[in-house]
Amino acid sequence: FLQVEFETNPLDKKSDYRVKVVSQSLEIKYNAPTINKLAECFEPDADRNLQGVKQVAYSTYTDVKHRSFILMKHNIEKIKVLDIYIDIQSSYLLLPENGVYQE
-6 FLQVEFETNP
4 LDKKSDYRVK
14 VVSQSLEIKY
24 NAPTINKLAE
34 CFEPDADRNL
44 QGVKQVAYST
54 YTDVKHRSFI
64 LMKHNIEKIK
74 VLDIYIDIQS
84 SYLLLPENGV
94 YQE
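Counting in the numbering used here, the sequence shown runs from -6 upward without gaps.
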């Protein structure tokens, strides 16, 4: 349902880079019991202190963000011609009464 293509130096020579993103419509059905169980998987234990993990994660995030910004800026300055095609079909969310979908 999702197609992403990235080309460098396409054969037709009309651009330096080509990006194509195509997405089909997606139906998402909300199911409260499933979402609740998934949320339980990510809840930390009450006796754990995650401050150290948060600090390392934030430090890594800021480093990746900074490096990505510099790399993106450099690449944008180098790009001569960029061909972008995006076709995204709308998705929709079904929210059933009482959180459980019944056919």
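Note that beta-carbon positions come from the ideal geometry of N, C-alpha and C, so glycine has one too.
Anyone know if the C-beta pair for residue i and residue j falls short of 8 Å?
| i | j | result |
| --- | --- | --- |
| S98 | F(-6) | Only positions -6 to 96 of the chain appear in this structure, which leaves residue 98 out of reach. |
Assuming residue i and residue j are in contact, meaning their beta carbons sit under 8 Å apart, how far apart are those beta carbons, in whole angstroms?
| i | j | result |
| --- | --- | --- |
| P37 | L43 | 6 Å |
Take residue i as the anchor and find which of the options has the nearest alpha-carbon.
| i | options | result |
| --- | --- | --- |
| D5 | K58, P89, V74, Y51 | V74 |
| P89 | K7, D56, T1, A25 | A25 |
| K71 | V(-3), Q(-4), S8 | S8 |
| V93 | T27, T1, N2 | T27 |
What residue range does the alpha helix (DSSP H) around residue i cover?
| i | result |
| --- | --- |
| V46 | 44 to 71 |
What are the start and end residues of the beta strand (DSSP E) that includes residue i?
| i | result |
| --- | --- |
| K22 | 20 to 22 |
| E33 | From DSSP, E33 is part of no beta strand (DSSP E) but of the alpha helix (DSSP H) over 25 to 34. |
| Y78 | 75 to 81 |
| K7 | It is not in any beta strand (DSSP E) - K7 carries neither H nor E in the DSSP assignment. |
| L87 | 85 to 87 |
| V(-3) | -5 to 1 |
Say yes only if the C-beta of residue i is nearer than 7 Å to one or more non-hydrogen atoms of the ligand NAP, and no if none qualify.
| i | result |
| --- | --- |
| T55 | Within the structure as shown, the ligand NAP is missing, as the structure has no ligands at all. |
State whether the region 18 to 29 contacts the region 73 to 91, with contact taken as three or more CB pairs (one from each stretch) at a distance under 8 Å.
Contact between the region 18 to 29 and the region 73 to 91 is present, with at least three C-beta pairs closer than 8 Å.
Does the region 69 to 78 touch the region 7 to 17, meaning 3 or more C-beta pairs lie closer than 8 Å?
Taking 8 Å as the limit for Cβ pairs, the verdict is that the region 69 to 78 does touch the region 7 to 17.
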